[in-house]
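The next block holds one structure in the form of C-alpha cells; read it before the comments.
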Amino acid sequence: MAHVGKQPDFLDSLNHNQPGNCQTRQEKFDLYFQGESSHLEDEISRLEEFSPVGGERQDAMDHVLGGITNLSNEVADAKLYTSPYNQRIYLQTINTLNEKLRETMARIAPSSRFRFKCSNKTDSALSSKNAAEWTPARSIPDLAPREEDDLGELPKVSKNYNDEITRSNDAIRKPSFSQAKNIDLSNHHNIHILLPSTASRATSVGSVTHISESVVDMSIPTSSKTPFASLVLRDIKGSLIIAGQVAGAAHITRVVDSIVVVASRQVRMHDCANVKIYLNCTSRPIIEGCKNIQFSPMPQCYMNALDSTQNYWDQVDDFNWLKSEHSPNWKVLPEEERLNETIWTKVVVGEPGLGLIDILHKTGLK
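Per the UniProt record's numbering, residue 1 is the first one in the sequence shown, and the count goes up by one each step.
Next comes the structure, spelled out in C-alpha cells:
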C-alpha cells in the first residue's frame with residue numbers, strides 16, 4: 001500500500017513524544033493517515049477470522065466500511081493544508097483499501113448474498129466540508145441484507161426513538177433502540193437519557209447531536225463486546241455525555257461547556273471549548289480549533305476489559321499549534337478537580353432522590 005513520504009513508523013510516533021520536533025500540519029496528518037490506513041488494512045486481512053454465524057463477520061465488515069468512510073472524510077478535512085500530490089496519494093490508498101475489501105469478501109463469502117456497491121463515496125468524501133459532519137446515511141456503502149442471526153432481522157422501518165424520548169414523562173428516558181440499526185440521539189434539552197442493554201444491536205454507528213443541559217449515558221450497550229464502530233458528537237452544550245466504547249474513531253465537534261467520557265481508538269476534536277474529557281485512547285488525540293480542553297484518564301468504573309497500558313489520553317496533538325512549546329489550548333485536568341468514583345457510580349446513574357439538575361450540579365455543569 002502506498003504511503004506518503006518517508007515518515008517514521010506510526011507506532012514509534014505514538015511512543016516518542018519529542019517536544020523539540022516541530023511538525024507541520026501536513027506532516028502530522030501524514031503520520032495519522034499512515035496509521036489509520038495500516039490499521040484498516042490489518043482489519044481487512046483479519047475478516048476471515050470472524051465467524052459468519054450470528055452476524056459477527058458482517059459487523060466486522062461494517063466496522064471496516066465505516067473506517068474507510070471516516071478516513072475519506074478526514075482527507076477532505078485536511079485538503080486546506082495538504083498538497084494536491086498528497087491528496088492523490090491519499091485517494092489512491094483509500095481506493096486500494098476499498099478494492100482489498102471487495103476482494104476479501106468475495107473470497108471468504110462467495111456463496112453469500114454480500115454485495116458491495118461502488119457508489120463513489122470516496123470521491124464525494126473528498127469534497128466534504130468537515131469530517132465531523134459525516135452521518136450514517138451518506139457514509140456507509142449500500143449492502144445486501146444481512147444473513148439472519150438468532151435474534152432475527154430488524155424491522156424494515158425503524159421507530160422514531162427521538163420522538164419517543166421527547167414524549168416520555170419519565171425522569172430517566174431509556175429508549176430500547178431494539179428496532180434500530182444505529183443510535184441517533186438529537187435535538188434534546190434538559191433531559192436524562194440512559195441507554196439499556198437492548199441498544200447493543202444498534203451500535204454500528206453512534207450519533208449524538210444538538211443536545212443541551214442534559215445527561216446522556218451510552219456506556220451499557222457499548223461494552224467491550226458491542227462498541228460503536230464510529231461515533232459523532234456534535235453541537236452539544238452544558239451536558240454530560242458518557243459515550244462508552246468506540247472501536248474506531250470518535251469525532252467531537254462544536255461541544256462546549258460539557259463533560260465527555262469515551263474510550264476510543266482515535267479521537268478528533270474540532271471547534272470545542274471548555275470541555276473536560278475523561279479518555280482512554282490507543283492513539284494520540286487530535287484537537288483543532290479548540291480552547292480550554294482538559295484531559296483526564298477514564299474513570300475506573302467504565303474501564304471494564306479496556307487495556308489501560310496503551311492509553312495516550314495526555315499525549316495530545318494540536319493541529320493549530322506548530323511550536324515546540326506546549327499548546328495553550330489544552331491541559332491535563334488536575335487530580336483534585338477530577339470527579340471521584342462515587343459521582344460516577346452513584347450520582348450519574350440517577351440514584352433515588354437525585355434529579356437531572358442535581359446531577360448537573362454535582363458534576364459542575366450547573
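No residue lacks a Cβ here, since even glycine has one placed at the ideal position from N, Cα and C.
Taking a contact to require three or more Cβ pairs closer than 8 Å, the stretch 337-345 and the stretch 224-237 do not qualify as touching. One Cα belongs to Lys79, the other to Gln92, and the distance between them is close to 15 Å. Per DSSP, Glu288 lies in no alpha helix (DSSP H); the unbroken beta strand (DSSP E) holding it starts and ends at Ile286 to Glu288. With contacts defined as CB atoms closer than 9 Å, Ser258 and Gln245 fail to qualify as a contacting pair.
Only residues of its own chain outside the window of five on either side were considered, and among them none has a CB closer than 7 Å to the CB of Thr309. The residue among His326, Ser83, Ser45 and Trp344 with its C-alpha nearest the C-alpha of Ile241 is Trp344. Contact annotation, Val256 with Asn274: C-beta distance approximately 6 Å; criterion of less than 8 Å satisfied. Counting C-beta atoms within 10 angstroms of its own C-beta, Gln300 has fewer than 16 neighbours from the protein chains shown and is therefore classed as exposed. The C-beta distance from Thr104 to Leu194 rounds to 38 Å, too long to fall under 8 Å, and the pair is not in contact.
Between Glu43 and His63, the gap from beta carbon to beta carbon is short of 9 Å. Where Thr96 is concerned, the enclosing alpha helix (DSSP H) starts and stops at Pro84 to Ile108. Excluding five sequence positions before and after Lys159, the CB atoms of its chain that fall closer than 6 Å to its own CB belong to Gln179, given in chain order. For the pair His188 and Ala171, the CB atoms are not nearer than the 9 Å cut-off. DSSP places Leu31 inside the alpha helix (DSSP H), whose first and last residues are Arg25 to Ser45. Annotated three-state conformation of His270 is strand, per DSSP. In this structure, the alpha-carbon of Asp271 lies about 6 Å from that of Glu288. The DSSP assignment places complete beta strand (DSSP E) segments of no fewer than 3 residues inside the stretch 169-205 at 183-189 and 192-194, in order along the chain. Straight-line measurement puts the Cα of Ser296 at about 8 Å from the Cα of Lys276. Within the same chain, Cβ atoms closer than 6 Å to the Cβ of Met269 are found at Ile252, Ile287 and Cys290, the five residues on either side in sequence being excluded. Cβ-Cβ separation between Gly248 and Asn70: approximately 7 Å, consistent with a contact (criterion under 8 Å).
Your pair Asn86 and Gln34 does not check out as a contact, with CB atoms roughly 11 Å apart and the cut at 8 Å. In terms of Cβ geometry, Leu31 and Ile68 do not form a close pair [threshold 9 Å]. Look at Ser219 here: in three-state DSSP terms it is coil, with no helix or strand label. In this structure, Val216 lies away from Val205, with their beta-carbon atoms at least 9 Å apart.
Taking C-alpha positions only, Ile211 is separated from Ser186 by approximately 6 Å. In this structure, Asn280 lies away from Trp330, with their beta-carbon atoms at least 9 Å apart.
Contact check for Ser214 and Thr198: beta-carbon distance about 21 Å, past the 8 Å limit, so the pair fails to qualify. Per DSSP, Asn160 lies in no alpha helix (DSSP H) and is assigned neither H nor E. The C-alpha of Pro221 lies about 14 Å from the C-alpha of Val349.
Around the beta-carbon of Leu322, fewer than 16 other beta-carbon atoms lie within 10 Å, marking it exposed. For Tyr278, the secondary structure class from DSSP, reduced to helix, strand or coil, is strand. Beta-bridge annotation (DSSP): Gln310 is not paired with any residue.
Within its own chain, no residue has a Cβ closer than 6 Å to the Cβ of Glu325 once the five positions on either side in sequence are excluded.
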